[in-house]
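Student: Here it is: the structure, laid out below.
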Amino acid sequence: MIIAMWSGPRNISTALMRSFGNRDDTVVEDEPLYARYLKRTGYHHPDREDILRAQEPDWDTLTSHLTGPVPGGRTIWYQKHMAHHLFPDDPLGWIHSFANCLLLRHPALVIRSYVRKFSLHSPDQLGYPQLVRIYDALAPSPPVVVDATDLLRDPASMLTALCRRLGIPFQPAMLHWSPGGRPTDGVWARYWYENVNRSTGFQPFTKPDYSVPEGYEDLYRVCLEMYTYLARVKV
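Count along the sequence shown starting at 1, add 207, and that's the number in my numbering.
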């Protein structure tokens, strides 16, 4: 079984990868489309050259690998994907055999977190258009949609519900993990995974602040429409 978890940036996607990686039947893969995204956009993200050396950037080779047999002698292959690593002309036929999931986060929360580190000028940077495209492409068998805020509010209940929708048993080990990095982490982990590497479970829930940073109101409204479209069917 291949689970493709599609997320935007500034979400809890790495923590959720840790959760699934702690199952005894699952092997995880971390953002396999990242090198291709960097090569095609020319973006100079931290560790760009190491990422390009570590990952395969060729589309046909990538999709052949990602649709292949589950590695490591496990029965579940959890692929953590960033939706914004997809381009508008990328075909999506290769994902139809997967158990696809969309990990959402309210755009007010994403925007506030994103602009602390990056320049933001398009919804495409946050993955909402790509998540909508994935959802629509998979109709009439849409992906499972999970909201990060709901997951943080009640990890046990939400993970149980997610596993039920995926047709796999929930394992209590998904709620807690040992701190530190993993061999399956991307080479960029030293720049981005400091918090998750200190963690032993999902971060404690705090009441969200849905205020929108000044100057991003128009972009927020565009993203909110797409978020609302997807959130109507969330677990």
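Note that CB positions come from ideal geometry on N, CA and C, so glycine has one too. Quick caveat: nothing in here was measured; it's all calculated off a predicted structure.
(1) My parser needs the alpha helix (DSSP H) runs of 4 or more residues fully inside the segment 305–333; what are they?
(2) Do the segment 249–268 and the segment 211–221 meet, that is, are 3 or more Cβ pairs less than 8 Å apart?
(3) Touching or not, the segment 229–246 and the segment 391–402, by the rule of three or more beta carbon pairs under 8 Å?
(4) By Cβ distance below 8 Å, which residues in the same chain neighbour D254 in space, the five residues on each side in sequence not counted?
(5) Let me confirm a value: Q410 is counted as buried when at least 16 other C-beta atoms fall within 10 Å, else exposed. Which label applies?
(6) Leaving aside the five residues before and after L223 along the sequence, list all residues of the same chain whose C-beta is less than 7 Å from its C-beta, in chain order.
(7) What does DSSP give as the partner residues of I210 in its beta bridges?
(8) Count Cβ pairs between the segment 286–296 and the segment 335–343 that sit closer than 8 Å; are there 3 or more?
(9) Alpha carbon to alpha carbon, how far is H252 from T407? Give it in angstroms, no decimals.
(10) Cα separation between M381 and R312?
(11) Hey, how far is the Cα of R371 from the Cα of L316?
(12) On the DSSP letters alone, give me the boundaries of the alpha helix (DSSP H) that V339 sits inside.
(13) May I have the straight-line CA-CA distance separating E256 from R247, to the nearest angstrom?
(14) If the criterion is Cβ atoms closer than 8 Å, does the pair I210 and I283 meet it?
(15) Who are the near neighbours of G228 in its chain, counting only those whose CB is closer than 6 Å to its CB and skipping five residues on each side?
(16) Helix, strand or coil for E401 per DSSP?
(17) With a threshold of 16 other CB atoms inside 10 Å of the CB of T413, please say whether the residue is buried or exposed.
(18) CA-CA distance, P347 and D425?
(19) So D361 is in the beta strand (DSSP E); what residue range does that whole segment cover?
(20) Go ahead and label A363 buried or exposed: buried means 16 or more other beta carbons lie within 10 angstroms of its beta carbon, across all protein chains shown.
(21) Nearest-angstrom Cα distance between P278 and F305?
(22) Skipping 5 residues on each side, what residues in its chain have a beta carbon closer than 8 Å to that of G387?
(23) Would you decide whether D354 is buried or exposed? Buried here means 16 or more other CB atoms lie within 10 Å of its CB.
(24) Tell me where the alpha helix (DSSP H) around L236 begins and ends.
(25) Which partner residues does H383 have in the DSSP bridge list?
Tutor: From the atom records:
(1) 314–321
(2) no
(3) yes
(4) V394, W395, R397 and Y398
(5) exposed
(6) M212 and L310
(7) Y285 and A306
(8) yes
(9) 27 Å
(10) 20 Å
(11) 28 Å
(12) Y335 to A344
(13) 13 Å
(14) yes
(15) V235
(16) helix
(17) exposed
(18) 31 Å
(19) Element bounds for D361: n/a, residue is neither H nor E.
(20) exposed
(21) 15 Å
(22) N404
(23) buried
(24) Note that residue 236 corresponds to Glu in the displayed sequence, not to Leu. From DSSP, E236 is part of no alpha helix (DSSP H) but of the beta strand (DSSP E) over T233 to D237.
(25) G408
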